[in-house]
Amino acid sequence: MHIGSERRDTIKVRVVSTTFVVVALAVFKPFGLAQWQWMAYLHLLAIWVLGIVGCILTDALLKYLFKMPSSTEKGVEYIFRRNLCFQLINTLLISLVLCFYRHFFLSNLVECNRLSWDNFFETLLIIAFCSFVIGLYWRFKFHSQYLAAELEETKRLNEAIKYTNTQTLTQSNNQTVKQSNNQAITLSGSTSESITLSITDLLYIESVGNYVKVYHLCNGDVRSDMLRATSKQMEETLMDYPTVVRCHRAFLVNLAQVEKIASQSGTIQLVMQHTHDNLPVSRTNTAKVKSAFNNL
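In the numbering used here, the protein residues as written are 1418 to 1713.
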């Protein structure tokens, strides 16, 4: 999904959601709106504008204050989690704004619109109900769409992985390529122990307490060695190798040794060659892992 398309969809969702709330207010006429007769529709229009502005402000708060930008690249779970945070913040914000609007613009004919805790909780209850209903609608509408898009992307990445593995197997007969790929690297920790291996033989590195467990190929067999080090130290040592990325706070993976990507319930896992272990990909690292695959 392109950024421009994402923005259009976001704007559409915000406009439709705000319109739904205003229509609900027009039908049930809380806050004494019925006493304003035709002028009630001018107030509803003003509330609609305030609602749109409130949505824009909530998006800005999520993006810059809570570091949760709108992005479909981080997976379905991230989207739903961000939408839930949006609903919570936006409900409180819009309720507060409406309380002030009631106090300054709707209290001339209706005295009970004066600012008070009772008015705030009344407004909060109404907006929360509307937010809950519209949230269910959008979740139902977009759930299958997001999952389908993610499955399609997973399929495309698996095809790319299959092609890359085929090319690697073909090139393995080329002695020049083989020698260049067998560049040795030494991994060491805070003690005298170290591991020297070819970067192409590295499978993945797992963090285990104060140690890391390095899974690699040795004469065609899978071997695991322990080093007293942190995964952060290993990440810094391997930063010059673009195929080695962090997929989870406990795992560094060599993407060249990934057999396929498995997608389940909005999350993805990396199935490794030789071991067939499933490595989790955290939400915070999903976009980075997908980008690294696309750059292979």
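For each residue, glycine too, the CB sits at the ideal point set by N, CA and C.
Owing to the predicted nature of the structure, the values given are computational and were not obtained by experimental measurement.
- Under the three-state reduction of DSSP output, tyrosine 1658 falls in the coil class, being neither helix nor strand.
- For valine 1470, the uninterrupted alpha helix (DSSP H) run begins and ends at 1456-1477, by DSSP.
- Met1643 is the residue among Arg1666, Asp1694, Met1643 and Phe1522 whose C-alpha sits nearest the C-alpha of serine 1605.
- Between leucine 1479 and phenylalanine 1503, the gap from beta carbon to beta carbon is short of 8 Å.
- Counting along the chain, lysine 1446 sits inside no alpha helix (DSSP H), nor does DSSP assign it H or E at all.
- Distance from the CA of alanine 1477 to the CA of arginine 1425, rounded to the nearest whole angstrom, comes to 16 Å.
- Restricted to the region 1553-1588, not a single alpha helix (DSSP H) segment is unbroken, complete and at least 4 residues in length.
- Taking each of Ala1463, Arg1499, Gln1686 and Ala1679 in turn and checking the Cα distance to threonine 1436, the smallest one comes out for Ala1463.
- Per the C-alpha coordinates, the member of Tyr1495, Ile1685 and Arg1666 positioned closest to valine 1625 is Arg1666.
- Burial is judged here by how many other beta carbons sit within 10 angstroms of a residue's own beta carbon; tryptophan 1453 has at least 16 and is buried.
- Approximately 6 Å separates the beta-carbon atoms of leucine 1696 and tyrosine 1621; this is inside 8 Å, confirming the contact.
- Looking at the DSSP output, isoleucine 1602 bridges to Leu1614.
- Contact between isoleucine 1616 and glutamine 1600 holds: their C-beta atoms lie close to 6 Å from each other, under 8 Å.
- Here arginine 1499 has Leu1479, Met1485 and Ser1487 as same chain residues with Cβ atoms under 8 Å from its own Cβ, once five neighbours each way along the sequence are excluded.
- Around the CB of methionine 1651, 16 or more other CB atoms lie within 10 Å, so the residue is classed as buried.
- With respect to threonine 1475, leucine 1510 sits close: the two C-beta atoms are nearer than 8 Å.
- Between the alpha carbons of leucine 1553 and valine 1698 lies a distance of about 27 Å.
- In the structure shown, threonine 1684 falls within a strand segment according to DSSP collapsed to helix, strand and coil.
- Within the model, the alpha-carbon separation for tryptophan 1534 versus serine 1524 is close to 15 Å.
- Measuring C-alpha to C-alpha distances from isoleucine 1602 to each of Asp1638, Leu1655 and Phe1559 identifies Leu1655 as the nearest.
- Your pair leucine 1442 and leucine 1461 checks out as a contact, with CB atoms roughly 6 Å apart and the cut at 8 Å.
- Proline 1659 and alanine 1709 do touch by the CB rule: their CB atoms are close to 7 Å apart, below 8 Å.
- In terms of Cβ geometry, leucine 1619 and asparagine 1582 do not form a close pair [threshold 8 Å].
- For isoleucine 1551, DSSP records no beta bridge to any residue.
- Nearest neighbour of phenylalanine 1448 by Cα position, chosen from Thr1692, Cys1529, Glu1676 and Val1631, turns out to be Cys1529.
- Asparagine 1702 counts as buried, since at least 16 other C-beta atoms from the protein chains shown sit within 10 angstroms of its C-beta.
- For arginine 1640, the enclosing beta strand (DSSP E) has its first and last residue at 1638-1644.
- Look at lysine 1429 here: in three-state DSSP terms it is helix.
- Excluding sequence positions up to five before and after tyrosine 1628, its CB lies within less than 6 Å of the CB of Met1643 and Arg1645, all in the same chain and listed in chain order.
- Inter-residue distance for threonine 1571 and histidine 1693 is about 18 Å (C-alpha atoms, whole angstroms).
- Rounded to the nearest angstrom, the gap between the Cα atoms of alanine 1457 and leucine 1450 is 6 Å.
- DSSP, reduced to helix, strand and coil, places lysine 1480 within a helical segment of the structure shown.
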